[in-house]
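Residue numbers (the UniProt record's numbering), protein chains in the order written: chain A, 1 to 328; chain B, 1 to 328.
Glycine included, each C-beta is placed from N, C-alpha and C at the ideal position.
Since the model is a prediction, treat every value here as computed from it, not as a measurement.
Below: the structure, in structure tokens.
Protein chains: 2
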Amino acid sequence: MHVLVIGAAGMLGRKLTSALIGEARLGGRKIEKLTLVDVVAPDRPDFGGALEMLAADLAEDGVAARLIAGRPDIVFHLAAIVSGEAEADFEKGYRINLDGTQALFEAIRLEGAGKAYCPRVVFTSSIAVFGAPFPDVIGDDHALTPLTSYGTQKAIGELLLADYSRRGFFDGVGVRLPTIVVRPGKPNKAASGFFSGILREPLTGQEAILPVADTVRHWFASPRAAVGFLLHAATMDTSGLGIRRSLNMPGVAATVAEEIGALQRAAGERAVSLIRRQPDPVIEKIVQGWPRAFDPERALAFGFSGDASFDAIVQIYIEDELGGVLPA
Amino acid sequence: MHVLVIGAAGMLGRKLTSALIGEARLGGRKIEKLTLVDVVAPDRPDFGGALEMLAADLAEDGVAARLIAGRPDIVFHLAAIVSGEAEADFEKGYRINLDGTQALFEAIRLEGAGKAYCPRVVFTSSIAVFGAPFPDVIGDDHALTPLTSYGTQKAIGELLLADYSRRGFFDGVGVRLPTIVVRPGKPNKAASGFFSGILREPLTGQEAILPVADTVRHWFASPRAAVGFLLHAATMDTSGLGIRRSLNMPGVAATVAEEIGALQRAAGERAVSLIRRQPDPVIEKIVQGWPRAFDPERALAFGFSGDASFDAIVQIYIEDELGGVLPA
């Protein structure tokens with residue numbers, strides 16, 4: 001089979017590519033061909049099958065049609081301008097996150113207009129489609145009320161995914177990812193960055209800043225769990241999904257205090273002492289609008305499974321990013 | 001003030017235009033100028049102020065910018081391809097209902113990029129943004145799960161309306177209209193047509209076909225109430241709306257049996273006897289996916305008011321379309 005990954009150079013895209021190559025199969029079928037696309041060329045992985053690498057902007061004329069002309073069996077659509085940038089640059093956010101997604105969906109519809117073609121499309125959505133006010137635990141029937149342009153663009157992508165799937169143009173699954181922790185790499189300026197930072201930095205002896213209260217509660221998944229969601233979405237039986245094509249993924253609800261507890265159990269009191277409390281009213285306010293927990297009933301019924309606990313999330317970071325051991 | 005009505009030649013557009021001219025004022029300000037637009041030129045109404053009439057397609061390049069260059073204070077966006085046609089012609093539905101709406105919103109944003117400009121935008125949405133399964137009475141926080149391309153396009157319009165309003169590009173209010181009864185004019189092929197037909201035809205001595213069971217329950221408003229919703233949306237204080245810019249309007253929930261009861265009270269048993277029961281499994285199935293009733297708490301709190309009863313809806317038709325008297 002032929003698998004297309006759009007957004008392959010990002011953190012999740014690279015981990016997904018590794019997993020695809022590691023498994024070599026998807027839903028019982030051998031992966032014969034892999035096409036990797038991003039605005040910057042992804043690193044060339046070590047893959048035995050046919051490999052195509054492309055640096056291209058999905059929103060540009062003809063790019064989506066060119067990607068789809070190869071008739072991939074599975075399309076992973078991970079490409080997006082992130083929340084902060086989509087908020088800072090209104091036009092760029094809509095161009096990539098909305099026009100780019102529309103261009104992809106239209107290319108698939110038009111490719112199938114001649115000779116039958118109905119690929120599985122896995123669309124990465126986000127809990128950013130939900131904005132306050134909402135209940136402490138959000139159910140599967142809760143209204144989409146995004147508080148950002150990014151969340152709006154993801155919510156629109158979900159609606160298009162459902163309509164194109166209903167019309168039989170493709171077989172879509174939308175995956176509403178929890179906030180990913182522990183994000184590898186350097187600290188960034190995302191408002192959510194501290195959720196990873198207060199673990200990642202202390203685990204390697206660095207100081208980290210905590211801008212919110214210990215009582216803040218949020219919804220998390222490890223990168224490994226997120227890749228698992230995407231792989232499951234690519235292979236699951238979609239016959240029972242009906243028109244509700246996007247699902248709240250099973251995350252782990254945890255307070256900042258519970259994060260710190262997991263850090264303490266993994267790396268001791270010295271690590272915890274590296275967290276410096278420095279309240280930031282701007283971040284406090286942004287975070288207040290974010291979901292705290294979900295009851296992901298449908299996703300569980302459809303066989304998605306998440307991290308076992310916040311301790312497991314920390315352990316995954318140590319295994320996958322630090323070679324299984326903490327620096328002395 | 002300058003009022004722009006897009007979709008002015010349709011049933012609601014014409015009634016709205018009449019109401020605007022009849023009132024002569026909106027929110028306490030005199031209407032100095034009226035611009036009426038539709039794909040076919042609307043009939044020229046008798047209006048003392050400045051009047052501009054245009055036949056134009058909102059989705060065509062430059063049309064939206066031309067309409068907005070006149071800097072209307074209020075924009076009523078009623079233009080849409082209806083449900084059945086948007087389902088039959090996928091491309092046309094998306095072009096008019098989505099691209100046209102986006103073009104309008106973008107034209108307003110770009111007009112304001114030079115010199116400050118922030119009009120009120122009244123967007124007509126529909127209860128078609130909701131699809132089964134849902135509870136018997138739908139609350140304000142219920143998820144949008146449209147079952148048609150039309151409903152999808154309206155739901156996307158709502159999301160854009162909210163985001164553009166949040167960013168301060170305009171001050172938008174989305175009005176989720178109930179099914180309008182009694183629709184004046186000839187019977188049409190819309191799946192919902194019988195809800196009006198079983199009243200309109202018997203009221204003037206004609207036979208009408210009822211394709212569903214008497215127990216079917218649905219959510220209704222008269223054309224007069226619908227115009228009232230639009231006028232209120234144009235003038236209401238929006239400061240408490242937050243990001244939730246689209247509201248379920250207060251309709252009247254009624255079963256087909258209750259409709260028939262209202263007909264009987266208005267026009268007697270002879271009128272009722274003109275309803276011919278002819279079950280149609282296709283229409284039965286479509287109607288099963290439609291909302292039955294709402295709890296329009298927010299709309300009521302924001303001052304919207306609907307019809308008093310189904311009897312009142314029938315009376316409005318007799319007054320507004322039959323000159324107040326039933327034909328002998």
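ask   = CA-CA distance, G174 of chain A and L78 of chain A?
value = Using only the alpha carbons, I get a separation of about 11 Å.
request  = Specify whether the segment 210–217 of chain B and the segment 2–13 of chain B touch according to this definition: at least 3 beta carbon pairs, one from each stretch, less than 8 Å apart.
outcome  = no
message = What would DSSP say about D43 of chain A, mapped onto helix, strand or coil?
response = coil
ask   = Does DSSP classify M53 of chain A as helix, strand or coil?
value = strand
request  = Indicate whether at least one CB of chain B lies closer than 8 Å to the CB of I156 of chain A.
outcome  = yes
key: Contacts around A128 of chain A, its chain only, beta-carbon distance under 7 Å, and the 5 residues preceding and following it disregarded   = Cβ-Cβ distances below 7 Å link A128 of chain A to S83, P146, T148, Y150, G151 and K154 in the same chain, with the five nearest sequence neighbours on each side left out; the list follows chain order.
message = Using a Cβ-Cβ distance cut-off of 8 Å, determine whether H142 of chain B contacts chain A.
response = yes
request  = Tell me whether L210 of chain B sits in a helix, a strand or coil according to DSSP, three-state version.
outcome  = strand
request  = Kindly give me the distance between the Cβ atoms of A113 of chain B and A65 of chain B, rounded to whole angstroms, as I take these residues to be in contact under 8 Å.
outcome  = Cβ-Cβ separation between A113 of chain B and A65 of chain B: approximately 12 Å, too far for a contact (criterion under 8 Å).
message = Residues of chain B with CB closer than 7 Å to the CB of D163 of chain A, please, in chain order.
response = S149 and T152
task = Consider the Cβ of I243 of chain B: report whether some Cβ of chain A lies at a distance smaller than 8 Å.
result = yes
query = At least one CB of chain B closer than 8 Å to the CB of F302 of chain A: is that the case?
reply = Closer than 8 Å: no.
task = Determine the burial state of P202 of chain A: buried for a count of at least 16 other Cβ atoms within 10 Å of its Cβ, exposed for fewer.
result = buried
query = Helix, strand or coil for T238 of chain A per DSSP?
reply = coil
query = Looking at C-alpha atoms only, which residue of B:F194, B:L230 and B:A253 is the closest neighbour of A308 of chain B?
reply = B:A253
query = What are the start and end residues of the alpha helix (DSSP H) that includes S149 of chain A?
reply = Counting along the chain, S149 of chain A sits inside the alpha helix (DSSP H) bounded by residues S149 to R166.
request  = Could you have a look at G174 of chain B and say whether DSSP puts it in helix, strand or coil?
outcome  = strand
inquiry  = Below 8 Å on the Cβ atoms is my contact criterion, and I expect I96 of chain B with A116 of chain B to pass it. Report the Cβ-Cβ distance as a whole number of Å.
reply    = The pair is not a contact, with the Cβ atoms about 30 Å apart (cut-off 8 Å).
ask   = Name the chain A residues whose beta carbon is nearer than 8 Å to that of R167 of chain B?
value = F90 and S149
request  = Report, in whole angstroms, the separation of the C-beta atoms of residue 334 of chain A and L199 of chain A, which I expect to be a contact under 8 Å.
outcome  = Since the first residue of chain A shown is 1 and the last is 328, residue 334 of chain A is not available in this structure.
message = Going by beta-carbon coordinates alone, are I313 of chain B and F220 of chain B separated by less than 8 Å?
response = yes
ask   = With R245 of chain B and S165 of chain B assumed to form a contact (beta carbons below 8 Å), what rounded beta-carbon distance in angstroms separates them?
value = 5 Å
task = Please name the residue, chosen from A:D237, A:Q288 and A:K30, that lies closest to T255 of chain A on a Cα-to-Cα basis.
result = A:Q288
ask   = At least one CB of chain A closer than 8 Å to the CB of L247 of chain B: is that the case?
value = So, not an interface residue.
request  = Alpha carbon to alpha carbon, how far is D237 of chain A from K33 of chain A? Give it in angstroms, no decimals.
outcome  = 23 Å
task = In the DSSP assignment, find the unbroken alpha helix (DSSP H) run with residue 335 of chain B in it and report its ends.
result = What is shown of chain B runs 1 to 328, which leaves residue 335 of chain B out entirely.
ask   = Between the C-alpha atoms of residue 355 of chain A and P42 of chain A, what's the straight-line distance to the nearest angstrom?
value = Residue 355 of chain A is absent from the model: chain A starts at 1 and stops at 328.
ask   = Are the beta-carbon atoms belonging to D171 of chain B and R298 of chain B less than 8 Å from one another?
value = no
query = Should P250 of chain B and G306 of chain B be called a contact, given that it needs their Cβ atoms to be closer than 8 Å?
reply = yes
message = Would T145 of chain A pass as an interface residue toward chain B - the criterion being a Cβ-Cβ separation below 8 Å?
response = yes
query = Taking the DSSP output, what are the residues bridged to K30 of chain A?
reply = Among the bridge pairs identified by DSSP, K30 of chain A is matched with A:R25.
ask   = From which residue to which residue does the alpha helix (DSSP H) around S222 of chain A run?
value = That residue, S222 of chain A, is in no alpha helix (DSSP H); it is neither H nor E in DSSP.
query = For V63 of chain A, does the count of other Cβ atoms within 10 angstroms reach 16, so buried, or fall short, so exposed?
reply = buried
task = Determine the extent of the beta strand (DSSP E) in which T101 of chain A is found, giving its start and end residues.
result = Note, T101 of chain A: premise wrong, no beta strand (DSSP E); alpha helix (DSSP H) at T101 to G114.
ask   = Can you tell which of A:I74, A:L67 and A:G242 has the C-alpha that lies nearest to the C-alpha of K30 of chain A?
value = A:I74
inquiry  = Below 8 Å on C-beta distance, what does L159 of chain B contact in chain A?
reply    = L144, P146, T152, A155, I156 and L159
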